[in-house]
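Structure record follows, encoded as structure tokens.
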Amino acid sequence: MRIKVLGGTGYAGSHIVREAVARGHQVTSYSRSLPEAPVEGAVYRTGNVLDDAFLTEAVADTDAVFEALSPRGELEGKLEGVRDRLIPLAAKAGVRLGILAGASSLHVAPGGPRLLDVRPPAPEIRGEVMTGVTLLETLRDSPEELDWFAVSPAASFGAWVPGEATGAYRVSQDVLLVDENGDSKISGADLALAVVDELEAPAHRRRRFHVAY
Ligand SMILES: NC(=O)c1ccc[n+]([C@@H]2O[C@H](COP(=O)([O-])OP(=O)(O)OC[C@H]3O[C@@H](n4cnc5c(N)ncnc54)[C@H](OP(=O)(O)O)[C@@H]3O)[C@@H](O)[C@H]2O)c1
Numbered sequence: 299m300r301i302k303v304l305g306g307t308g309y310a311g312s313h314i315v316r317e318a319v320a321r322g323h324q325v326t327s328y329s330r331s332l333p334e335a336p337v338e339g340a341v342y343r344t345g346n347v348l349d350d351a352f353l354t355e356a357v358a359d360t361d362a363v364f365e366a367l368s369p370r371g372e373l374e375g376k377l378e379g380v381r382d383r384l385i386p387l388a389a390k391a392g393v394r395l396g397i398l399a400g401a402s403s404l405h406v407a408p409g410g411p412r413l414l415d416v417r418p419p420a421p422e423i424r425g426e427v428m429t430g431v432t433l434l435e436t437l438r439d440s441p442e443e444l445d446w447f448a449v450s451p452a453a454s455f456g457a458w459v460p461g462e463a464t465g466a467y468r469v470s471q472d473v474l475l476v477d478e479n480g481d482s483k484i485s486g487a488d489l490a491l492a493v494v495d496e497l498e499a500p501a502h503r504r505r506r507f508h509v510a511y
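Below is the structure:
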């Protein structure tokens, strides 16, 4: 497949680029700067997703786009607008669109409250958390012809808790998964397995799914 990864040099994005290249896909990453440790075989394009021409290029000539940008720094308060633009571009091009969401909108039990409600985010990350929550509403309201999926990682996921590649993961729809110790965790490498598995064999069309141990 031809796969484009927006934010393919970030924590999540670089794991996805690495996994997709390892499986023989043609992968192009989009970010403002080049990575310190590029994945051999991947193509790196530099530019700003706030530039419409760059975003349009990222959705052209591909089978799938995976968006792994983060609403931090320059994109704080602006990632919603990038997604509002990405959705019609992908729908028009007939390109499958995957987006990395957050864990906070997951329910802690079937029919139960959301993680966000039982464990309110610290003020400094509330904006990022709410961007993830809004994303699901935006995708659910998107044009019927858009083939989208969203992935919510475990609550403990990120560059500060990289974990290890175990080759295993579990999937649920909207309910938070916890391991035998009651922890919600997934490594970057194992999250990437789940994303590339979904790209290769779509099992969640126009749905969010959750990946954890
Ligand atoms: N447990 C959870 O729910 C959880 C935990 C962690 C992350 N997340 C979510 O996962 C997503 C990815 O997070 P992450 O930690 O992997 O992000 P990250 O490491 O900060 O990576 C962000 C990527 O976006 C690129 N980027 C940033 N601004 C850009 C711009 N204006 N134009 C083009 N590229 C730009 C960055 O490269 P350049 O800087 O070179 O442009 C980088 O490749 C986020 O939506 C985050 O909220 C969820």
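Position 57, counted from 1, in the sequence shown is what the working numbering calls 355; the numbers after and before it change by one each time, with no gaps. Think of the CB as a built atom: it goes at the ideal place given N, C-alpha and C, for glycine as much as any other residue.
Relative to ligand 1, is the shortest distance from any of its heavy atoms to the C-beta of residue i smaller than 8 Å?
i      : result
PRO336 : no
PRO421 : no
PRO369 : yes
ARG330 : yes
LEU491 : no
SER440 : no
ALA448 : no
GLU355 : no
PRO451 : yes
PHE364 : no
GLY430 : yes
GLU378 : no
LEU398 : yes
THR436 : no
LEU304 : yes
GLY461 : no
VAL473 : no
GLY375 : no
Since residue i and residue j should fall inside the 8 Å C-beta cutoff, what is the C-beta to C-beta distance between them, to a whole number of angstroms?
i      : j      : result
ARG316 : VAL337 : 5 Å
ARG370 : GLU426 : 7 Å
TYR467 : ASP488 : 5 Å
How about residue i and residue j: do their beta carbons lie closer than 9 Å?
i      : j      : result
ALA453 : VAL509 : no
SER403 : ARG506 : yes
GLY311 : PHE364 : yes
LEU304 : ALA362 : no
THR344 : ARG330 : yes
ALA318 : VAL494 : yes
THR360 : ARG300 : yes
HIS313 : ALA499 : no
LEU437 : HIS323 : no
On a CA-only basis, which of the options is nearest residue i? Give me that one, please.
i      : options                           : result
LYS302 : ALA358, ASP350, ASP495 and GLU462 : ALA358
THR354 : VAL459, VAL380, HIS323 and ARG370 : VAL380
VAL406 : ARG383, ASN346, ALA388 and VAL476 : VAL476
THR464 : SER485, GLY322 and ARG424         : SER485
GLU442 : GLY409, VAL494, ALA389 and ARG343 : ALA389
TYR328 : VAL347, ALA318 and VAL319         : VAL347
GLY308 : GLY456, PRO418, LEU414 and GLU496 : GLY456
LEU384 : PRO408, LEU414 and ASP350         : ASP350
GLN471 : ALA401, PRO386, GLU462 and ASN479 : ALA401
VAL473 : PRO408, ARG417 and GLU422         : PRO408
LEU444 : ALA391, LEU414 and LEU332         : ALA391
PRO386 : SER440, ALA420 and LEU413         : SER440
What do you reckon, is the C-beta of residue i under 8 Å from a heavy atom of ligand 2?
i      : result
VAL494 : Ligands displayed in this structure: ligand 1; ligand 2 is not among them.
Do we get a CB-CB distance below 9 Å when we pair residue i with the residues of chain C?
i      : result
GLU372 : No chain C appears in the structure shown, which is made up of a single protein chain.
Tell me, please, whether the stretch 441-456 touches the stretch 389-400 by the rule of three or more beta-carbon pairs shorter than 8 Å. yes
Counting pairs of Cβ atoms below 8 Å between the stretch 419-436 and the stretch 373-388, do you hit three or more? Between the stretch 419-436 and the stretch 373-388 there are three or more inter-stretch CB-CB distances shorter than 8 Å, so the stretches are counted as touching.
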